[in-house]
Structure formats: C-alpha cells, structure tokens
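K.L.:
I have a structure I would like to understand better, so I am pasting it below and will then ask my questions one at a time.
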Amino acid sequence: MRKFLLFTLFYLPLFGGDLANLKTLKAEFQQIVESDGKRIAYSGELYIKQPHFILWKYIKPVEKYLYLNGKKLFLLEPELEQVIIKRVDKSLKMLQILENAEKVDEKRYIAKIDERDYLIILDQVGKIKRIIYKDELDNSVSLSLFEVEENGYIPTTKFLPEIPEDFDKIYQ
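Under my numbering, the letters of the sequence shown match residues 250 to 421, in that order.
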C-alpha cells in the first residue's frame with residue numbers, strides 16, 4: 250500500500266493541455282486498482298495548489314493523509330499512529346503533466362511520462378472526470394474525480410500536516 254501511494258503521488262497526472270492554467274483543484278475521488286482479477290477501491294478527497302502542494306485524504310478503506318509540499322512528503326497513518334517523512338528529490342511528475350498532455354479530442358488527452366501512457370477524460374464542461382493508466386507493477390488504475398472545483402481558494406495551511414505528538418516519526 251505504501252509503495253502504491255508513493256507511486257501514485259509521483260506518476261499520476263491530474264491536468265492536461267488546455268487545462269495548464271489551473272492553479273488549484275479540489276475534488277472527491279475514487280481510485281480503482283485492478284490486478285490479476287482482484288480489485289481494490291480507495292476513496293477520499295484530493296487538493297492541489299500550484300506550484301507544488303498536494304494533499305490526498307484517503308478515507309476508505311483505511312484513513313491516510315498524504316501531504317506534499319515540494320520538498321518533503323508526509324504520509325500520516327492514524328490507524329498505525331505514525332507518520333512517514335521523506336525528502337522529495339525528484340521533480341513532481343504529477344504537476345509536470347500540465348505541460349506534457351496532448352489533446353486527442355474535445356474530451357480526451359494523452360500524456361506520456363517515463364514510457365507510460367495516461368488517458369485523461371474530461372466531462373461535458375471540460376473538467377477532469379477520469380484518469381486511466383497502468384502503474385509500475387502493471388496494475389490497471391482508474392481515478393475518477395467528482396465534485397471538481399477548479400481555481401478556487403485553498404489556503405496553503407491546508408497542506409501542512411498536523412502530526413500528533415504521540416505518533417511515531419519514521420524518516421526515510
């Protein structure tokens with residue numbers, strides 16, 4: 250699960266082509282991962298603010314919070330009473346997709362990052378509806394976004410993790 254979350258953070262695109270002017274994005278999400286006939290569904294909330302702030306609030310099947318501020322990643326796991334803190338050395342491919350996705354038609358964009366293709370599907374009003382790709386383990390991943398709000402106000406403090414003092418801190 251941890252590797253999946255970290256992979257998702259760096260390799261999951263969220264914007265494309267004409268959408269490159271997005272400054273913020275807030276959405277509810279459902280993420281389906283399929284492999285060898287097995288299916289796992291995750292759901293929660295996603296917040297993004299340019300240039301490099303990301304918050305994934307995983308609510309189901311287990312509560313987790315993944316914060317990224319451009320320099321560090323914080324994976325807060327309340328059930329385990331721990332937070333994993335990791336320096337981020339790579340560029341944020343998730344946000345670079347803003348410049349890399351190419352328009353296929355009015356509702357679809359394709360982005361290629363690290364030899365992987367990402368299909369980005371827009372809804373009727375041009376907001377991101379779904380992203381489909383294969384991850385590094387060859388799992389099929391589908392991320393559906395709901396209640397999408399673009400370019401609204403999201404305070405930067407939203408991306409600062411509140412770590413309880415009694416949580417174990419694991420530095421990687």
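From the three backbone atoms N, C-alpha and C, an ideal C-beta is built for every residue, glycine too. Please read all numbers here as calculations on a predicted model, not as lab measurements.
1) At what residues does the beta strand (DSSP E) containing residue 331 begin and finish?
2) Do you know whose CA, among 270, 418, 308 and 299, lies nearest residue 403's CA?
3) Could you tell me the distance, in whole angstroms, from the CA atom of residue 340 to the CA atom of residue 386?
4) Would you be able to state if there are at least three C-beta pairs under 8 Å between the segment 318 to 338 and the segment 408 to 420?
5) Between 323, 389 and 381, which has its C-alpha nearest residue 411's C-alpha?
6) Residues in its own chain within less than 7 Å of residue 388 by CB, not counting five upstream and five downstream?
7) Is it the case that the Cβ atoms of residue 312 and residue 294 are separated by a distance below 8 Å?
8) Under a three-way DSSP split, which group does residue 328 fall into?
9) Identify the continuous beta strand (DSSP E) that holds residue 282 and give its terminal residues.
10) Please identify the residue among 391, 400 and 416 whose C-alpha is closest to the C-alpha of residue 292.
11) If you run the structure through DSSP and keep just helix, strand and coil, what is residue 302?
12) Between the Cα of residue 381 and the Cα atoms of 374, 393, 373 and 375, which residue gives the shortest distance?
13) Quick one, are the C-beta atoms of residue 367 and residue 359 less than 8 Å apart?
14) Measure the alpha-carbon distance for residue 303 versus residue 288 and round it to whole angstroms.
15) Is it buried or exposed, residue 317, if we count other Cβ atoms within 10 angstroms and call 16 or more buried?
16) Where does residue 416 fall in DSSP's three states?
17) For a test of the three-state rule: what should DSSP assign to residue 376, helix, strand or coil?
18) In the DSSP assignment, find the beta strand (DSSP E) that holds residue 397 and state where it starts and stops.
P.N.:
Inspection of the coordinates gives the following:
1) Taking the first residue of the sequence shown as 1, we reach residue 331 at position 82. Where residue 331 is concerned, the enclosing beta strand (DSSP E) stretches over 331 to 336.
2) As a working mapping, residue 403 is identified with position 154 in the sequence shown. Nearest option by C-alpha distance: 299.
3) Within the sequence shown, numbered from 1, the residue matching residue 340 stands at position 91. Within the sequence shown, numbered from 1, the residue matching residue 386 stands at position 137. Only weak support is given to the placement of residue 340: the predicted model assigns it a pLDDT of 46, under 50, and the value that follows is read from those uncertain coordinates. Each residue's alpha carbon lies about 21 Å from the other.
4) As far as the Cβ criterion goes, the segment 408 to 420 touches the segment 318 to 338, which means the pair count is three or higher.
5) The residue given as residue 411 occupies position 162 in the sequence shown. Comparing alpha carbon positions, the residue from 323, 389 and 381 closest to residue 411 is 323.
6) Stepping through the sequence shown from its first residue, residue 388 is reached at position 139. If we look at residue 388 and ignore the five residues flanking it on each side, its Cβ neighbours are 282, 283 and 284.
7) In the sequence shown, the residue the question calls residue 312 occupies position 63. In the sequence shown, the residue the question calls residue 294 occupies position 45. At a Cβ-Cβ threshold of 8 Å, residue 312 and residue 294 do not count as neighbours.
8) Walking along the sequence shown from the start, residue 328 turns up at place 79. Helix at residue 328.
9) For the purposes of this step, residue 282 is identified with residue 33 of the sequence shown, where counting begins at 1. Note, residue 282: beta strand (DSSP E), 273 to 284.
10) Mapped onto the sequence shown, residue 292 falls at position 43. Of the candidates 391, 400 and 416, the one whose C-alpha sits nearest the C-alpha of residue 292 is 391.
11) Taking the sequence shown and counting its residues from 1, the one referred to as residue 302 is at position 53. In this structure, residue 302 counts as strand in the three-state DSSP scheme.
12) Your numbering for residue 381 matches position 132 in the sequence shown. For the options 374, 393, 373 and 375, the alpha carbon positioned closest to that of residue 381 is the one of 393.
13) Within the sequence shown, numbered from 1, the residue matching residue 367 stands at position 118. Within the sequence shown, numbered from 1, the residue matching residue 359 stands at position 110. Yes, they are a contact pair.
14) Residue numbering aside, residue 303 sits at position 54 when the sequence shown is read from its first letter. Residue numbering aside, residue 288 sits at position 39 when the sequence shown is read from its first letter. Taking the straight line from one Cα to the other gives about 25 Å.
15) Within the sequence shown, numbered from 1, the residue matching residue 317 stands at position 68. Residue environment analysis places residue 317 among the buried positions, since at least 16 neighbouring C-beta atoms fall within 10 angstroms of its C-beta.
16) By 1-based counting over the sequence shown, the position of residue 416 is 167. In the structure shown, residue 416 sits in coil (DSSP, three-state: anything other than H, G, I, E or B).
17) Numbered from its first residue, the sequence shown carries residue 376 at position 127. Residue state, collapsed to three classes: coil.
18) In the sequence shown, residue 397 corresponds to position 148, counting from 1. That run of the beta strand (DSSP E) goes 389 to 399.
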